[in-house]
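Read the structure below first, then the notes.
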Amino acid sequence: MISKRARSVDTSGIRRVFDLAAQLTDPINLSIGQPDFDAAPAVKLAAKAAIDEGKSRYTVTQGIPELRAALRSRYELTDEQDVFVTAGVSGGLLLSYLTLLDPGDQILVPDPFFCIYRDLALMVNAETVYYDTYPDFRSTAERIERALTPQVKAIIVNTPGNPTGVASTQSEVDDIVELARRHNLVLIYDEIYDAFCYDEPHPRCLDRYENTILLNGFSKSAGVPGWRIGYVAGPKPLLSQMTKLQQYTLVCANSVAQWAMIEALEVDYSEQLQAYRKKRDFVVAALEDVLELVKPGGAFYVFPKAPGGSGQQFVERCIKENLLLVPGSVFSRRDTHFRLSFSAPMETLERGVEVIRRLVS
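Under this note's numbering, read the sequence shown as residues 254 to 614, first letter to last.
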């Protein structure tokens with residue numbers, strides 16, 4: 254009764270941690286991959302106004318013109334480029350895979366990786382090839398080129414990265430762009446955490462390479478992960494095909510959220526960025542003398558090496574102390590690290606690092 258496709262995809266390891274959290278009393282939850290701040294008051298008011306004005310119907314598949322115009326302006330799109338609105342970055346990824354990959358094609362993904370990159374390939378009968386970024390988790394043209402095969406049609410670059418928090422430099426992105434151009438590959442540029450860059454400006458890509466598919470959204474930057482609202486920008490021929498497929502899958506993005514996100518683009522989130530930088534600095538300072546880790550330049554994750562060598566075993570020890578983390582094997586072919594999210598109140602972070610330090614010592 255169940256298709257091979259469905260059987261080939263396992264339940265998300267992150268969701269399993271969520272389920273476990275629901276069973277614990279007062280867990281120290283540092284597993285969550287979503288911001289801990291709420292939508293801005295102006296965004297809430299815009300959503301309420303959209304509801305009151307009856308803007309709850311289907312929109313055109315590619316999204317309301319007003320939001321698309323604001324996004325076109327933000328990215329300074331050319332006449333050869335377009336943007337459409339979709340159900341989060343996950344929706345944009347699904348449509349990218351459906352548009353680009355035939356059965357047997359390959360997509361090049363960093364290791365560690367966000368788990369959806371691998372499982373979407375299974376769903377479209379394509380194959381994932383990995384470029385290894387250990388131990389510093391940097392995506393470089395050299396590492397990507399070593400992993401290339403004739404069957405690879407697209408490369409994914411995720412910066413700042415989930416689960417590592419590592420942020421690429423502009424020079425690194427430019428080198429990857431030249432590699433993609435030389436091999437005529439599509440570059441899928443996932444920048445969902447672009448609002449969380451703590452040390453250096455977020456590198457540009459869309460204006461560097463004509464075959465870039467840029468994926469972004471409002472879940473992280475605007476504090477609305479449950480609203481499921483994102484967008485895709487890139488070359489018109491590719492986006493035309495993706496929009497066509499959206500008609501038969503996602504139909505359109507959340508209509509009320511679309512209207513509210515016009516307002517979200519105008520909100521100043523510098524206070525949130527400053528708060529998250531302080532959380533990043535606190536966690537790194539609290540753990541760097543007892544764990545091997547790379548200081549994250551963005552996002553809201555740290556990906557330390559697990560004491561004892563097994564991320565899964567260390568996470569299980571933490572669970573016994575009511576601390577929830579995510580084992581690195583959820584995001585990698587290796588089981589050597591674990592992901593800690595510092596998207597939590599400072600009190601929760603203090604309790605969490607106290608448990609980790611006690612277990613390590």
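Each residue gets a CB set at the ideal place from its N, CA and C atoms; glycine is no exception.
Assigned secondary structure, residue 380 (DSSP; H/G/I helix, E/B strand, else coil): Taking the sequence shown and counting its residues from 1, one reaches residue 380 at position 127. In this structure, residue 380 counts as strand in the three-state DSSP scheme.
Distance CB(residue 513)-CB(residue 477) smaller than 9 Å: Mapped onto the sequence shown, residue 513 falls at position 260. Mapped onto the sequence shown, residue 477 falls at position 224. Yes.
Reference residue 463; option with closest CA among 393, 419, 441 and 564: Translated into positions along the sequence shown, residue 463 becomes position 210. If we check each option's Cα against that of residue 463, 441 comes out closest.
Element boundaries [alpha helix (DSSP H), containing residue 523]: As a first step, residue 523 must be located in the sequence shown, where it is residue number 270. Counting along the chain, the alpha helix (DSSP H) containing residue 523 begins and ends at 523 to 540.
Length of the line joining the Cα atoms of residue 387 and residue 364: By 1-based counting over the sequence shown, the position of residue 387 is 134. By 1-based counting over the sequence shown, the position of residue 364 is 111. So the alpha carbons of these two residues sit roughly 8 Å apart.
As assigned by DSSP and simplified to three states, the class of residue 450: As a working mapping, residue 450 is identified with position 197 in the sequence shown. Residue 450: strand per DSSP, three-state reduction.
Straight-line gap, residue 534 to residue 357 (C-alpha atoms, nearest Å): Sequence index remark: in the sequence shown, residue 534 carries index 281 (1-based). Sequence index remark: in the sequence shown, residue 357 carries index 104 (1-based). Whole-angstrom Cα-Cα distance: 44 Å.
Which of helix, strand or coil DSSP assigns to residue 417: Along the sequence shown, one-based indexing puts residue 417 at 164. Looking at residue 417 - three-state DSSP - the assignment turns out to be coil, as it is neither helix nor strand.
Distance CB(residue 406)-CB(residue 438) smaller than 9 Å: Start at 1 with the first residue of the sequence shown, and residue 406 comes out as number 153. Start at 1 with the first residue of the sequence shown, and residue 438 comes out as number 185. It is a contact, given that the beta carbons lie within the stated cut-off.
Coil, strand or helix - residue 363 by DSSP: As a position in the sequence shown, residue 363 is number 110, starting the count at 1. Three-state result, residue 363: strand.
Residue 337 in three-state terms, based on DSSP: As a working note, residue 337 is residue 84 in the sequence shown. Three-state DSSP puts residue 337 in a strand.
Close Cβ partners of residue 467 (< 8 Å) along its chain, the five nearest in sequence each way excluded: In the sequence shown, the residue the question calls residue 467 occupies position 214. Counting only Cβ-Cβ distances below 8 Å, and skipping sequence neighbours, we find 328, 442, 444, 458, 459, 485, 486 and 487.
With 16 other Cβ atoms within 10 Å as the buried cut-off, status of residue 345: Looking up residue 345 in the sequence shown gives position 92. Buried, by the Cβ-count rule.
Backbone secondary structure at residue 442 - three-state DSSP: Taking the first residue of the sequence shown as position 1, residue 442 is located at position 189. Three-state DSSP puts residue 442 in a strand.
Whole-angstrom distance between residue 584 and residue 237, CA atom to CA atom: Nothing can be reported for residue 237, as the shown portion of the chain is limited to 254 through 614.
Supposed contact pair residue 418 and residue 591 - C-beta distance, whole angstroms, cut 8 Å: Here residue 591 refers to the residue found at position 338 when the sequence shown is read from its first residue. Here residue 418 refers to the residue found at position 165 when the sequence shown is read from its first residue. That pair is no contact at about 13 Å.
C-beta atoms of residue 378 and residue 554 nearer than 9 Å: Translated into the one-based positions of the sequence shown, residue 378 becomes position 125. Translated into the one-based positions of the sequence shown, residue 554 becomes position 301. In this structure, residue 554 does not lie closer than 9 Å to residue 378 by Cβ.
7 Å Cβ shell around residue 402 - same chain, five flanking residues per side excluded: By one-based count along the sequence shown, residue 402 stands at place 149. Around residue 402: 359 and 382.
Buried or exposed by the 16-neighbour rule on C-beta atoms within 10 Å, applied to residue 311: Residue 311 sits at position 58 when you count from the first residue of the sequence shown. By the 10 Å Cβ count, residue 311 comes out exposed.
Neighbourhood of residue 495 by C-beta distance below 6 Å, restricted to the same chain and skipping five residues each side: Numbered from its first residue, the sequence shown carries residue 495 at position 242. Result list for residue 495: 348 and 352, in chain order.
DSSP state of residue 465 mapped onto helix, strand, coil: Position 212 of the sequence shown, counting from 1, holds the residue named residue 465. In the structure shown, residue 465 sits in a strand (DSSP, three-state: E or B).
Cutoff 6 Å; reference residue 658; Cβ partners in own chain excluding five residues on either side: With the chain running from 254 to 614 in the structure shown, residue 658 is simply not present.
Sub-9 Å separation of residue 420 and residue 452 beta-carbons: As a working note, residue 420 is residue 167 in the sequence shown. As a working note, residue 452 is residue 199 in the sequence shown. Yes, the Cβ-Cβ distance between residue 420 and residue 452 is below 9 Å.
Length of the line joining the Cα atoms of residue 447 and residue 469: Against the sequence shown, residue 447 aligns to sequence position 194. Against the sequence shown, residue 469 aligns to sequence position 216. About 8 Å.
Of the residues 392, 413 and 404, the one placed nearest residue 430, counting alpha carbons only: Against the sequence shown, residue 430 aligns to sequence position 177. Among 392, 413 and 404, the Cα nearest to that of residue 430 is on 392.
Member of 288, 283, 593 and 561 whose CA lies at the smallest distance from the CA of residue 526: Walking along the sequence shown from the start, residue 526 turns up at place 273. It is 288 whose Cα lies nearest to the Cα of residue 526.
Beta-carbon spacing of residue 509, residue 281 below 9 Å: Counting from 1 along the sequence shown, the entry for residue 509 is found at position 256. Counting from 1 along the sequence shown, the entry for residue 281 is found at position 28. No, the Cβ-Cβ distance between residue 509 and residue 281 is not below 9 Å.
Sequence-distant residues of its chain with Cβ nearer than 8 Å to residue 550 (five each side left out): By one-based count along the sequence shown, residue 550 stands at place 297. Closer than 8 Å at the Cβ level, and outside the excluded window around residue 550, lie 413, 418, 419, 420, 450, 451, 452 and 453.
Three-state secondary structure (DSSP) of residue 301: In the sequence shown, the residue the question calls residue 301 occupies position 48. Reduced to three states, the DSSP call for residue 301 is helix.
9 Å Cβ cutoff met for residue 483 and residue 296: For the purposes of this step, residue 483 is identified with residue 230 of the sequence shown, where counting begins at 1. For the purposes of this step, residue 296 is identified with residue 43 of the sequence shown, where counting begins at 1. Contact: no.
Local conformation of residue 686 per DSSP, three classes: With the chain represented from 254 up to 614, any question about residue 686 goes unanswered, as that position is not in the structure.
DSSP three-state assignment for residue 316, whether helix, strand or coil: As a first step, residue 316 is located in the sequence shown; it is residue number 63 there, counting from the start. DSSP places residue 316 in coil when its eight states are reduced to three.
Residues sharing a beta bridge with residue 555, DSSP: For the purposes of this step, residue 555 is taken as residue 302 along the sequence shown, with counting starting at 1. Its beta-bridge partners are 593.
Minimum C-alpha distance to residue 532 - residue among 372, 334, 461 and 600: By 1-based counting over the sequence shown, the position of residue 532 is 279. Nearest option by C-alpha distance: 600.
Same chain, Cβ closer than 7 Å to residue 516, five either side skipped, listed in chain order: Along the sequence shown, read from residue 1 onward, the residue named residue 516 stands at position 263. Correct list, in chain order: 295, 296 and 299.
N- and C-terminal bounds of the alpha helix (DSSP H) containing residue 397: Here residue 397 refers to the residue found at position 144 of the sequence shown. That run of the alpha helix (DSSP H) goes 394 to 400.
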